[in-house]
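*Asks:*
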Amino acid sequence: MKKLKSRQELQELRRVYSSALAAEQKKVLVCAGTGCISSGSLLIFDRLRALIEEQGLRCEVELEKEPHDHSIGLKKSGCHGFCEMGPLVRIEPEGYLYTKVKLEDCEEIVSRTILKGELIERLAYQKNGKIYPRQEEIPFYQKQTRLLLEHCGHINASSVREYLGIGGYTAFEKALFDLSPDEIIEEITAANLRGRGGGGFPTGRKWAQVRRQNAPQKYIVCNGDEGDPGAFMDRSIMEGDPHKMLEGMLIAGLACGATQGYIYVRAEYPMAVERLRTAIHQAEELGLLGDHILGTDFCFRININRGAGAFVCGEGSALTASIEGKRGMPRVKPPRTVEHGLFDMPTVLNNVKTFANVPMIIERGAAWYHSYGTPKSPGTKTYALTGNIENTGLIEVPMGTTLREVIFGVGGGMRGGAQFKAVQIGGPSGGCLTSKDLDLPLDFDSLKSAGAMIGSGGLVVMDEHTCMVEVARFFMNFTQNESCGKCVPCREGTKRMLEILERIVAGEGREGDIELLLELADTISATALCGLGKSAASPVVSTIKGFREEYEAHIYEKRCPAGVCQKLKRIYIEQDLCRGCSKCSRTCPVGAISGKIKNPFTIDAAKCIKCGACKAACPFGAIKEA
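Count along the sequence shown from 1, then add 306; that gives the number in our numbering.
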């Protein structure tokens with residue numbers, strides 16, 4: 307591609323590709339997000355391409371300046387969000403969304419939908435007997451406000467041509483030629499964009515602090531080290547709309563006087579890394595990255611650093627240390643990253659979602675941004691909705707949307723008609739919210755007052771069959787494993803808390819364990835070095851607060867109310883139902899069952915390992931579990 311040397315050349319190229327995109331009459335978008343790829347979407351893409359070409363039609367996988375008549379635009383898009391229903395295929399201009407597509411469906415998709423425009427009803431989303439042909443009609447999408455995810459699933463994720471065709475780099479152009487650095491920061495400040503990594507710190511204030519620093523070099527760092535269990539919001543943006551994030555980083559560099567940017571990505575995200583590299587290469591070829599961008603004095607380059615997989619590297623000082631080639635460990639603050647960050651220079655460190663919000667604010671204005679969300683938390687928030695819920699996937703709703711709307715509106719309610727019990731928000735650093743919190747607005751301040759945090763946006767929904775003590779043990783195990791070990795409170799405190807929790811779920815809980823857990827939690831939170839340690843005990847504290855009776859049942863009654871904890875299960879033989887066939891005795895691997903033929907058998911609880919083999923073997927349903 308020819309390197310652009312002026313504003314006019316960028317505008318002309320954008321016009322060319324906008325026209326080309328509009329001229330594509332038929333488009334087929336195959337979800338090429340990580341989730342759908344794992345379900346075989348790339349095989350579906352290849353099969354569709356082969357079948358289209360067999361029809362003698364031109365199949366365009368890359369946007370051309372001069373579209374050919376009757377050509378089919380076949381695209382590998384980013385994540386559509388409806389992960390529960392993948393692999394997903396969208397057909398335009400009809401707007402049909404086909405769910406759970408199989409390789410054998412491809413021939414019918416080509417012959418009926420692509421060639422004739424017919425709907426294949428069996429592939430459309432269905433609920434309660436109703437068919438939803440178009441993506442926008444599906445309740446999962448209908449109840450969302452997709453701004454950040456506007457283009458994910460609707461364009462070729464690896465094409466700068468398509469990004470330009472939908473207006474890409476317009477905000478950067480405006481910032482570069484029409485706004486001063488102070489005016490950029492003023493617009494971001496007026497929008498009250500708060501850090502989408504979970505901290506909620508005002509982005510404009512952070513940028514202003516870096517701009518004020520007198521230093522020979524400044525850096526823009528994007529935190530793509532998404533380590534929360536069940537979270538995939540950042541990954542989906544990096545995979546599905548990477549140029550939007552790059553554009554946000556360019557604007558940040560322009561505002562703060564930085565010439566160098568770094569993207570820190572989890573090594574476990576190979577697809578995100580690949581598409582970011584492609585996007586950076588494309589931007590460099592066009593002259594949107596590099597020296598003297600668009601004929602100006604502004605120079606900016608971006609490098610990718612792959613993380614080593616440590617959760618603690620999501621913390622600012624640990625992340626910058628890792629980029630520098632050091633062990634990723636937090637340091638004592640102050641000084642803050644804005645003063646002494648990467649290579650001891652002033653550094654802007656923002657999350658993927660924060661940078662991706664920036665182009666929209668610069669292009670459409672702070673007033674537009676405030677039309678969504680709440681006055682103190684404007685805009686939208688993306689969530690990874692997982693767990694015991696009907697509709698799992700990537701969603702986006704305005705800040706301040708209630709938990710009830712998210713779970714029962716967008717999420718479709720609990721799976722299998724079960725009762726809602728709790729939701730873990732904010733990952734291992736967050737807390738559990740219960741049914742009394744269902745009408746709580748999901749924004750930074752409301753969640754903080756409820757003893758939780760919005761975090762990066764992971765939502766793990768749990769039903770009545772979930773043991774909350776086991777949930778606390780799971781998250782504490784994760785945190786303890788991920789502790790860098792630098793400070794004693796986190797290294798040793800989380801280990802002790804994990805030991806207590808493991809004792810409790812094993813049926814060995816003791817009087818005073820709950821109080822000891824709370825005491826340890828308070829000590830760790832007050833004395834740990836970094837944010838990971840300070841919030842490490844949050845899942846334990848919140849589950850005790852909401853479900854203390856479950857802890858007490860485990861400790862005092864040696865019983866798991868949810869029936870989950872294996873060592874607390876009690877297996878017994880109902881004497882009236884037992885026919886004395888001895889099948890259970892012969893099946894038991896540890897000889898815990900005894901009795902006489904044609905007489906009721908009994909289980910020795912001291913020997914029983916709760917494997918369930920006897921229950922499966924009993925032909926009369928006499929063996930029960932409590």
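Built from N, CA and C at the ideal position, the CB exists for glycine as well.
Quantities reported herein were computed from a predicted structural model and do not represent experimental measurements.
Return the first residue and the last residue of the beta strand (DSSP E) that threonine 772 is part of.
*Replies:* From DSSP, threonine 772 is part of no beta strand (DSSP E); its letter is neither H nor E.
*Asks:* Indicate the three-state DSSP secondary structure (helix, strand or coil) for threonine 881 in the structure shown.
*Replies:* It is worth fixing the name first, because residue 881 is glutamine in this sequence and not threonine. Of the three classes helix, strand and coil, the one that applies to glutamine 881 here is coil, per DSSP.
*Asks:* Select from Pro704, Pro925 and Leu421 the residue whose C-alpha is nearest the C-alpha of glutamine 331.
*Replies:* The residue with the shortest Cα to Cα distance from glutamine 331 is Leu421.
*Asks:* Cutting at 6 Å between CB atoms, please list the residues of its own chain near lysine 381, excluding the five before and the five after it.
*Replies:* Within the same chain, lysine 381 has close Cβ partners Leu335 and Asn462.
*Asks:* Secondary structure at serine 900, three-state DSSP: helix, strand or coil?
*Replies:* Serine 900: strand per DSSP, three-state reduction.
*Asks:* Where do the ends of the beta strand (DSSP E) carrying lysine 436 lie?
*Replies:* Unbroken beta strand (DSSP E) run through lysine 436: 436-438.
*Asks:* Should the region 626-636 be regarded as contacting the region 592-602, the criterion being three or more beta carbon pairs within less than 8 Å?
*Replies:* Verdict: no, contact absent.
*Asks:* What distance in whole Å lies between the Cβ atoms of lysine 913 and alanine 923, which are believed to be in contact at a cut-off of 8 Å?
*Replies:* Not quite, the Cβ-Cβ distance comes to about 17 Å (not below 8 Å), so this is no contact.
*Asks:* Quick check on arginine 816: does DSSP put it in helix, strand or coil?
*Replies:* It is coil, neither helix nor strand.
*Asks:* Considering just the uninterrupted stretch of the beta strand (DSSP E) at glutamine 566, what are its terminal residues?
*Replies:* 566-572 is the extent of the beta strand (DSSP E) around glutamine 566.
*Asks:* Using three-state DSSP, classify methionine 544 as helix, strand or coil.
*Replies:* In the structure shown, methionine 544 sits in a helix (DSSP, three-state: H, G or I).
*Asks:* Out of curiosity, what's the CA-to-CA distance linking leucine 700 and methionine 539?
*Replies:* Cα to Cα, the separation comes out at about 7 Å.
*Asks:* From which residue to which residue does the alpha helix (DSSP H) around alanine 834 run?
*Replies:* Careful: alanine 834 lies outside any alpha helix (DSSP H) and carries neither H nor E.
*Asks:* For glutamate 427, which residues from the same chain have a beta carbon less than 6 Å from its beta carbon, with the 5 sequence-adjacent residues on both sides left out?
*Replies:* These residues qualify, in order along the chain: Ile437.
*Asks:* Per DSSP, arginine 396 forms a beta bridge with which residues?
*Replies:* In the DSSP output, where bridge partners are listed per residue, arginine 396 has Leu335 and Leu403.
*Asks:* From the DSSP secondary-structure annotation, give me the bridge partner or partners of leucine 594.
*Replies:* Paired residues: none, contrary to the question.
*Asks:* Identify whether glutamate 645 lies in helix, strand or coil by the three-state DSSP scheme.
*Replies:* Three-state DSSP puts glutamate 645 in coil, outside helix and strand.
*Asks:* Once you ignore the five residues that flank proline 734 on each side, which residues in its own chain have a CB closer than 6 Å to its CB?
*Replies:* So the qualifying residues of the chain are Phe781, Phe784 and Thr785.
*Asks:* What residue range does the beta strand (DSSP E) around asparagine 657 cover?
*Replies:* First-last of the beta strand (DSSP E) with asparagine 657: 653-657.
*Asks:* Where aspartate 936 and alanine 758 are concerned, what is the direct C-alpha to C-alpha distance, given to the nearest angstrom?
*Replies:* Outside the shown range of the chain (307 to 932) lies residue 936, about which nothing can therefore be said.
*Asks:* With respect to the alpha helix (DSSP H) encompassing glycine 504, which residues constitute its N-terminal and C-terminal limits?
*Replies:* Glycine 504 -> no alpha helix (DSSP H), and no H or E assigned at all.
*Asks:* So what does DSSP say about cysteine 796, is it helix, strand or coil?
*Replies:* In this structure, cysteine 796 counts as helix in the three-state DSSP scheme.
*Asks:* In the DSSP assignment, what residue or residues form a beta bridge with valine 767?
*Replies:* Per DSSP, Gly693 and Val729.
*Asks:* Evaluate aspartate 650 with the Cβ neighbour count: other Cβ atoms within 10 Å of its Cβ, from every protein chain shown; 16 or more gives buried, anything less gives exposed.
*Replies:* Exposed, by the Cβ-count rule.
*Asks:* Between proline 747 and glycine 706, which are expected to be in contact by the criterion C-beta below 8 Å, what is the C-beta distance as a whole number of angstroms?
*Replies:* Correct: roughly 4 Å between the Cβ atoms.
*Asks:* Using only the alpha-carbon positions, how far apart do leucine 577 and glutamate 400 sit?
*Replies:* First, the amino acid is wrong: residue 577 is methionine here, not leucine. Rounded to the nearest angstrom, the two C-alpha atoms are 29 Å apart.
*Asks:* Per the DSSP calculation, asparagine 609 is bridged to which residue(s)?
*Replies:* In DSSP, asparagine 609 forms a bridge with Tyr568.
*Asks:* Can you confirm whether the region 654-674 touches the region 857-872 when touching is taken to mean that 3 or more C-beta pairs between the two stretches lie within less than 8 Å?
*Replies:* These segments do not touch.
*Asks:* Provide the residue span of the alpha helix (DSSP H) that contains glycine 341, from first to last.
*Replies:* Looking at the DSSP string, the run of the alpha helix (DSSP H) that includes glycine 341 is 340-344.
*Asks:* Measure the CB-CB distance between lysine 873 and alanine 812 and report whether it falls below 8 Å.
*Replies:* Going by C-beta atoms, lysine 873 is nearer than 8 Å to alanine 812.
*Asks:* Using alpha carbons as the reference points, say which of Tyr475, His457, Arg876 and Ile343 lies closest to arginine 320.
*Replies:* Nearest of Tyr475, His457, Arg876 and Ile343 to arginine 320, Cα basis: Tyr475.
*Asks:* If you count every other CB in all the chains shown that lies within 10 Å of the CB of valine 527, and 16 or more means buried, which is it?
*Replies:* So valine 527 ends up on the buried side.
*Asks:* Would you call the region 768-776 and the region 550-561 in contact, with 3 or more CB pairs under 8 Å?
*Replies:* Cβ pair count under 8 Å is below three, so no.
*Asks:* Any idea what DSSP makes of lysine 308, helix, strand or coil?
*Replies:* Here lysine 308 sits in coil by DSSP.
*Asks:* Compare the beta carbon distance of leucine 582 and isoleucine 599 with 8 Å and say whether it is the shorter of the two.
*Replies:* Against a cut-off of 8 Å, the Cβ pair of isoleucine 599 and leucine 582 comes out as no contact.
*Asks:* So, does the region 719-733 touch the region 447-466, judging by three or more C-beta pairs under 8 Å?
*Replies:* Output reads no: the region 447-466 does not touch the region 719-733.
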